[in-house]
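Before any comments, here is the structure.
Number of protein chains: 2
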Amino acid sequence: MHQVHPALRQPVTAADRVLQEIQRAIVEGDIAAGSKISEPELARRFDLSRAPLREALARLERCHLIERIPNAGARVVKLSVAGLLALYQLRENLEGLACKLAAEQMSDTEIAEVRQLLDQHLSSQRVREGESYYQEAGDLDFHYRIILGSKNSYLINILCDELYYLVRMYRVQLGMNGPRVSRAFDEHKAIINAIANRDGELADLLMRRHIAASRRNIELKLQQMGS
Amino acid sequence: MHQVHPALRQPVTAADRVLQEIQRAIVEGDIAAGSKISEPELARRFDLSRAPLREALARLERCHLIERIPNAGARVVKLSVAGLLALYQLRENLEGLACKLAAEQMSDTEIAEVRQLLDQHLSSQRVREGESYYQEAGDLDFHYRIILGSKNSYLINILCDELYYLVRMYRVQLGMNGPRVSRAFDEHKAIINAIANRDGELADLLMRRHIAASRRNIELKLQQMGS
DNA sequence: CGCCCATAGATTGTCGACAATTTACGCCTA
DNA sequence: TAGGCGTAAATTGTCGACAATCTATGGGCG
């Protein structure tokens with residue numbers, strides 16, 4: 000039996016469970032962005048001691064959802080245009096690389112499975128027109144598959160474990176909707192086609208554009224909010 | 000007063016201190032690659048309780064120096080050709096990006112400081128011909144400056160906090176020496192020149208080649224050892 | 001003889017309390 | 001009234017002990 004990647008490992012310890020709960024709470028804005036994290040309060044709220052809670056906080060810091068200062072506590076990260084640009088700058092590059100590697104590394108069956116996934120999304124999208132949650136989940140699922148397809152464990156770790164929660168936080172709290180939703184499907188299709196043709200260079204380019212378009216969408220929302 | 004980057008923050012807590020000690024021990028092979036980490040043993044050895052030690056272990060996992068399995072403990076990472084390739088594949092891309100950004104973001108004074116640093120290295124190299132430790136430290140210093148020059152905090156975090164200890168581990172344990180040492184200086188010079196000319200594309204290319212050359216050097220060593 | 005299972009030992013995960021540090025408040029002073 | 005200082009409260013960091021889980025050894029069974 001081969002070891003599954005930590006990113007999709009199910010929680011076994013109390014720290015794992017509380018981590019997932021707090022992650023969800025922060026990503027969905029249930030715990031407000033910029034607010035202070037109180038260890039005693041969270042410990043009471045989730046009914047466990049501070050030891051596993053602190054373990055969870057360490058991992059939250061790892062995925063950039065909180066910022067800790069020694070002896071002074073932790074704060075939930077604040078969303079900003081500058082932060083979004085820095086994050087997506089990196090994402091464009093890394094997921095572009097993931098595409099290039101996936102074009103070399105993914106097996107034909109893996110590629111077929113991703114195509115099947117896209118067809119599945121397309122049909123469910125026709126039914127639930129404009130339903131942004133499914134789009135969100137479907138988009139993530141697509142990106143995950145490509146990233147895993149790169150077969151580079153360090154790259155997988157950075158994207159799936161360390162950056163994606165923050166990406167989701169921007170997307171959930173600032174919303175992705177409008178005409179982007181339907182276009183994203185076409186872009187996904189073009190990307191997997193390039194990978195199927197083993198054209199890593201093109202897949203890289205298309206993924207960068209895909210992510211840049213997504214960034215502009217959120218950037219606009221952020222600026223609208225700011226004004 | 001603005002906040003310094005965590006990468007060069009000095010230790011304030013016991014967990015910070017023991018982290019640095021264990022990091023050094025693993026990187027330099029003082030704690031053997033592939034060996035099991037025993038929490039009680041390390042706690043005795045560094046004369047502290049398991050709480051700060053576990054905090055340190057969490058961060059060691061973050062920079063890929065150990066691998067943990069829930070309820071089963073931690074092992075020091077094993078060096079391998081496959082791991083080296085995956086790591087350097089990522090490094091080429093990320094430091095290439097850092098160069099591109101540095102060409103846009105670094106101030107003229109920052110660039111001048113890096114040039115001064117290189118001159119300094121060159122003169123000290125002439126005196127200590129072939130001294131690999133200084134080369135090692137100097138090379139790291141150069142790369143750090145470029146990375147910090149990118150001004151992208153996520154990129155800085157990944158390279159300086161999460162990947163560089165492992166890079167150093169490969170370099171220290173498998174050694175960088177021979178003709179590479181003197182060539183690296185010239186390559187550094189060419190890279191900072193490209194950045195000074197605000198030619199991000201060239202700086203990117205040169206850095207990728209620089210890192211690829213370094214990889215081949217270590218790869219050779221690893222294969223010699225394996226046979 | 002090899003494989004499986006049970007038990008004993010050791011290790012990791014979790015808990016509650018104490019120590020060290022930071023933050024908040026009130027007081028004094030200029 | 002604004003600012004600085006000292007104390008008190010709260011928070012974080014650390015400790016030692018207990019509970020849950022895994023590993024290893026030995027015995028039984030096919």
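Protein sequence lines, in the order shown, are assigned to chains Y and E. Residue numbering for the first sequence follows numbering that gives the first Met the number 0, beginning at 0 and increasing consecutively. Residue numbering for the second sequence follows numbering that gives the first Met the number 0, beginning at 0 and increasing consecutively. All C-beta atoms in this analysis are idealised placements derived from N, C-alpha and C, irrespective of residue type, glycine included.
Residue range of the unbroken alpha helix (DSSP H) whose run includes residue i
i: E66 of chain Y; result: Taken as a continuous stretch (DSSP letters only), E66 of chain Y belongs to no alpha helix (DSSP H), being part of the beta strand (DSSP E) at 65-68.
i: K99 of chain Y; result: 80-104
i: V152 of chain E; result: As written in the sequence, residue 152 of chain E is Ser, which differs from the Val given in the question. Its alpha helix (DSSP H) spans residues 152-155.
i: E161 of chain E; result: Segment: none, E161 of chain E is in no alpha helix (DSSP H) and carries neither H nor E.
i: R58 of chain E; result: 49-61
Contacting residues, own chain, Cβ-Cβ under 7 Å from residue i (five flanking each side not counted)
i: G148 of chain E; result: A101, Q104, M105, E109
i: I191 of chain Y; result: I110, V113, R114, L117
i: G137 of chain E; result: H120
i: N151 of chain E; result: L100
i: R207 of chain Y; result: E91, G95
i: D198 of chain Y; result: A102
Secondary structure of residue i, DSSP reduced to three states
i: I36 of chain E; result: strand
i: V75 of chain Y; result: strand
i: D29 of chain E; result: coil
i: V214 of chain E; result: Here residue 214 of chain E turns out to be Arg, not Val, going by the sequence shown. R214 of chain E: helix per DSSP, three-state reduction.
i: P10 of chain E; result: coil
i: S122 of chain E; result: helix
i: D140 of chain Y; result: helix
i: F184 of chain E; result: helix
i: R179 of chain E; result: helix
i: R44 of chain Y; result: helix
i: N196 of chain E; result: coil
i: Q222 of chain E; result: helix
i: E109 of chain Y; result: helix
Contacting residues, own chain, Cβ-Cβ under 8 Å from residue i (five flanking each side not counted)
i: A31 of chain E; result: V75
i: R179 of chain E; result: A212, S213, N216
i: E161 of chain E; result: R61, C62, H63
i: P39 of chain Y; result: R49
i: L219 of chain Y; result: none
i: L154 of chain E; result: L93, L96, A97, L100, I146
i: G82 of chain E; result: V76
Among the options, the one whose alpha carbon lies nearest that of residue i
i: Q19 of chain Y; options: Y:A97, Y:Y87, Y:Y164, Y:E40; result: Y:Y164
i: K181 of chain Y; options: Y:H63, Y:A212, Y:Y169; result: According to the sequence displayed, residue 181 of chain Y carries Ser and not Lys. When only C-alpha atoms are compared, the closest one is Y:A212.
i: E66 of chain Y; options: Y:G33, Y:R43, Y:Q88; result: Y:G33
i: V17 of chain Y; options: Y:A50, Y:K35, Y:M224; result: Y:A50
i: Y87 of chain Y; options: Y:R170, Y:A202, Y:L201; result: Y:R170
i: L56 of chain E; options: E:R43, E:D46, E:R44, E:G72; result: E:G72
i: A193 of chain E; options: E:I68, E:L205, E:E38; result: E:L205
i: R90 of chain Y; options: Y:K220, Y:Q222, Y:I210, Y:Q223; result: Y:I210
i: Q172 of chain E; options: E:E94, E:R58, E:S37, E:M224; result: E:M224
i: V80 of chain E; options: E:R43, E:V166, E:E186, E:L154; result: E:V166
i: F237 of chain Y; options: Y:D140, Y:I68, Y:L84; result: Any property of residue 237 of chain Y remains undetermined from this structure, which presents chain Y solely from 0 to 226.
i: A202 of chain E; options: E:N92, E:E218, E:C98, E:N156; result: E:C98
i: G96 of chain Y; options: Y:A24, Y:I157, Y:L84, Y:N70; result: Note on identity: in this sequence residue 96 of chain Y is Leu, with Gly being the wrong assignment. Answer by Cα proximity: Y:I157.
i: Q22 of chain Y; options: Y:L59, Y:E54, Y:L219; result: Y:L59
i: D15 of chain E; options: E:E54, E:L41, E:N92, E:R44; result: E:E54
i: H187 of chain Y; options: Y:M168, Y:I145, Y:D198; result: Y:I145
i: Q222 of chain Y; options: Y:L78, Y:K35, Y:Q9, Y:G28; result: Y:L78
i: E135 of chain Y; options: Y:P10, Y:L93, Y:E27, Y:Q9; result: Y:E27
i: N70 of chain Y; options: Y:S37, Y:L83, Y:L41, Y:H142; result: Y:S37
i: A195 of chain E; options: E:Y153, E:D107, E:V11, E:S122; result: E:D107
i: Q9 of chain Y; options: E:I68, E:A189, E:Y143; result: E:I68
Residue interval of the beta strand (DSSP E) (run including residue i)
i: V17 of chain E; result: Not the beta strand (DSSP E): V17 of chain E falls in the alpha helix (DSSP H), residues 13-26.
Chain-order list of residues whose beta-carbon lies under 6 Å from that of residue i (same chain, five-residue window excluded)
i: A13 of chain E; result: L47, P51
i: M168 of chain Y; result: V26
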